[in-house]
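First the structure, in the form of structure tokens, and then the observations on it.
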Amino acid sequence: MGFGERTDDENFKLTLNQNEFLKKAPELETLKDEKYLDFEKLKDFLKDRLVGNPRVRNKNERKTEKIKINKENFKKFETLWAGLNHQARIAYAIDSESLIDEIVKKINASFNVSSKKISVTMHKKVETMGNNAKKKTFERESACVWSLHEFISALSNKVKLSFKSVAKVLEKMDENKFNEIKKNEQEGLKRLEELFLEAIYQNIEDKISYQMRETTIKNRKNDAFYDEKGEIREFLNGSLGANNYEIKNSSVREKCLYENFMQVDSEIEKDTIEESNDTKIIVFGKLPRVKIPIGLNQTYSPDFGYVVENNDKKVLLVVETKGVDKKSELRPEEERKISTAKKFFEALKKQGVNIEYETKLNKDQLSALINEVLNRKD
């Protein structure tokens, strides 16, 4: 119909620009009553492939804007950044036998696996285009690929427990649960991983402690803010989020670690930036990735850092934002990260690094959090 051409790799390329497409689009109406295609989807397909449409621009052509560091403001932020980069060794005080029993209890209560489903579509060969397909779905057990030893090794790697501990769990669990694994080995592994981690998280949450070491940027070399020579970079090394957000408020921009824009991942992050015009804020910014250990080889990186001051009292503050109205709406995984992070900052305080840590929900005002930490007794 003259809308485009087939490419060498058998894909379709639209050769019309937007104005040409609009003139030619009425010709598509002749296909409206054809039963073998979805007319609206065809129009959307073609529109998405218009010449010049930014949605189909080559990835290499997309411009990645660099985040320029405000060097003068960062100098006021250095103490907070150094504190966040303290190395920490995480320790657990877990009774391994009771943990194994808890995992076994969870598996016996709720471990179920669905059989693999296979869909087969059968077509009749007919002279005219028509919808003569019949679809049937079958369930069958998948063939076992792994030996028991390989299965235990895979699960051990995923949940970060020893081979011996994982083997002991499988030995103690109801033997009928092995029939569940046979239904779908991959799904069984995934579901067991979930139950293991659920039990582990519940057991380690109040048994984690931190042993602090010296800051990882003692030599100030080659991280998000410092280059190989230990000098403050012109541009941030890394990103802060998925979307660029222009800082329009001049008083906010004056206090910011970055010039002109920051990157954000959520609406509450945008709101928090806009609220950062409080007169008690000296400097603030979205934090580049830091690696606070929270157990099981996982790390956590909070959202914002602030240096605030009032009546000669200066406070370093880290703020984690969550786009929910109540703490009860947080997912268990989010709650665990926050409660573990609190222990990290408590351990820092014992080392003489005083950084306050607060969570900001939708209903919370940043100014109220700042007043709270400034009025807190040392």
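Residue numbers for the sequence shown follow the numbering used here, so the first one is 16 and each next one is one higher.
Beta carbons are placed, not taken as given, at the ideal position from N, Cα and C, and that holds for glycine.
Rounded to the nearest angstrom, what separates K375 and V330 at their Cα positions? Residue 375 sits at position 360 when you count from the first residue of the sequence shown. Residue 330 sits at position 315 when you count from the first residue of the sequence shown. K375 and V330: Cα-Cα distance of roughly 17 angstroms.
Rounded C-beta distance between I353 and F360? I'm assuming under 8 angstroms. Translated into positions along the sequence shown, residue 353 becomes position 338. Translated into positions along the sequence shown, residue 360 becomes position 345. The Cβ separation is near 11 angstroms, so there is no contact.
Just checking, does the segment 272-283 make contact with the segment 304-311 on the three C-beta pairs under 8 angstroms criterion? no
Proximity of N218 and E117 at Cβ, strictly below 8 angstroms: In the sequence shown, the residue the question calls residue 218 occupies position 203. In the sequence shown, the residue the question calls residue 117 occupies position 102. In contact: N218 and E117 (Cβ atoms closer than 8 angstroms).
By the 10 Å Cβ neighbour count, where 16 or more other Cβ atoms means buried, how is H101 classified, buried or exposed? Residue 101 sits at position 86 when you count from the first residue of the sequence shown. Looking at its Cβ environment, which holds 16 or more other Cβ atoms inside 10 Å, H101 is buried.
N275 and E284 - do their beta-carbons sit closer together than 8 angstroms? Locating residue 284 in the sequence shown gives position 269, counting from the first residue. Locating residue 275 in the sequence shown gives position 260, counting from the first residue. Cβ atoms of E284 and N275: not closer than 8 angstroms.
For E448, is the classification buried or exposed, using 16 other Cβ atoms within 10 angstroms of its Cβ as the cut-off for buried? One cannot answer for residue 448 here, as it falls past the ends of the chain, which runs 16 to 393.
What whole-angstrom Cβ distance do S171 and S177 have, given they're in contact under 8 angstroms? Here residue 171 corresponds to residue number 156 of the sequence shown, with the count starting at 1. Here residue 177 corresponds to residue number 162 of the sequence shown, with the count starting at 1. Correct: roughly 7 angstroms between the Cβ atoms.
Any 3 or more C-beta pairs closer than 8 angstroms across the segment 103-115 and the segment 221-228: yes
Tell me whether Q102 sits in a helix, a strand or coil according to DSSP, three-state version. The sequence position of residue 102 within the sequence shown is 87, counting from 1. It is a strand residue.
Between the CA atoms of N123 and E142 - distance to the nearest angstrom: Looking up residue 142 in the sequence shown gives position 127. Looking up residue 123 in the sequence shown gives position 108. For E142, the predicted model reports a pLDDT of 49, less than 50, meaning its position is unreliable; a value from the coordinates is still stated below. Taking the straight line from one Cα to the other gives about 56 angstroms.
Between Y420 and A356, how many whole angstroms is the CB-CB distance? I'm expecting something under 8 angstroms. Outside the displayed range of the chain (16 to 393) lies residue 420, so it cannot be described from this structure.
Which one of L185, I215, E335 and K341 has the shortest CA to CA distance from L204? Within the sequence shown, numbered from 1, the residue matching residue 204 stands at position 189. L204 has its Cα closest to that of L185, out of L185, I215, E335 and K341.
So the candidates are L345, K270, D110 and E348; which of them puts its Cα closest to the Cα of V323? In the sequence shown, counting from the first residue as 1, residue 323 sits at position 308. V323 has its Cα closest to that of K270, out of L345, K270, D110 and E348.
What's the C-alpha gap between S291 and L345? Taking the first residue of the sequence shown as position 1, residue 291 is located at position 276. Taking the first residue of the sequence shown as position 1, residue 345 is located at position 330. Using only the alpha carbons, I get a separation of about 24 angstroms.
Sorted by chain position, which residues of the same chain lie with C-beta nearer than 7 angstroms to R268's C-beta, five sequence neighbours on each side aside? As a working note, residue 268 is residue 253 in the sequence shown. Result list for R268: I262, in chain order.
How would you call K90, buried or exposed, if buried means at least 16 neighbouring beta carbons within 10 angstroms? Here residue 90 refers to the residue found at position 75 of the sequence shown. When all chains shown are included, K90 counts as exposed.
Tell me, which residues are paired with L332 by DSSP? By one-based count along the sequence shown, residue 332 stands at place 317. Beta-bridge pairing links L332 to Y321 and E371.
Does F126 come out as helix, strand or coil in the three-state DSSP assignment? The count along the sequence shown starts at 1 and reaches residue 126 at position 111. The answer is coil: DSSP assigns F126 none of H, G, I, E or B.
Can you give the Cα-Cα distance for D286 and A383, rounded to whole angstroms? By one-based count along the sequence shown, residue 286 stands at place 271. By one-based count along the sequence shown, residue 383 stands at place 368. Spanning the two alpha carbons is a distance of roughly 14 angstroms.
What would DSSP say about N75, mapped onto helix, strand or coil? Taking the sequence shown and counting its residues from 1, one reaches residue 75 at position 60. At N75 the pLDDT is 43, less than 50, meaning the model places this residue with poor confidence and gives no usable figure here.
C-beta atoms of P317 and L332 nearer than 8 angstroms: Here residue 317 refers to the residue found at position 302 of the sequence shown. Here residue 332 refers to the residue found at position 317 of the sequence shown. Cβ distance not < 8 angstroms, so P317 and L332 don't count as in contact.
What are the boundary residues of the beta strand (DSSP E) that includes Y260? Taking the sequence shown and counting its residues from 1, the one referred to as residue 260 is at position 245. It spans N258 to E261 - the beta strand (DSSP E) in which Y260 sits, taken as one unbroken run.
Which ranges would you report for the beta strand (DSSP E) in the segment 279-310 if only whole runs of at least 3 residues count? 296-301 and 307-310
Based on DSSP bridge pairs, tell me the residues matched to S224. Here residue 224 refers to the residue found at position 209 when the sequence shown is read from its first residue. According to DSSP, which records beta bridges pairwise, S224 is partnered with A106.
Does DSSP put F240 in a helix, in a strand, or in coil? For the purposes of this step, residue 240 is taken as residue 225 along the sequence shown, with counting starting at 1. Coil, per DSSP.
Residue of M188, E200, N259 and N194 minimising C-alpha distance to F166: Within the sequence shown, numbered from 1, the residue matching residue 166 stands at position 151. Ranking the options by Cα distance to F166, first place goes to E200.
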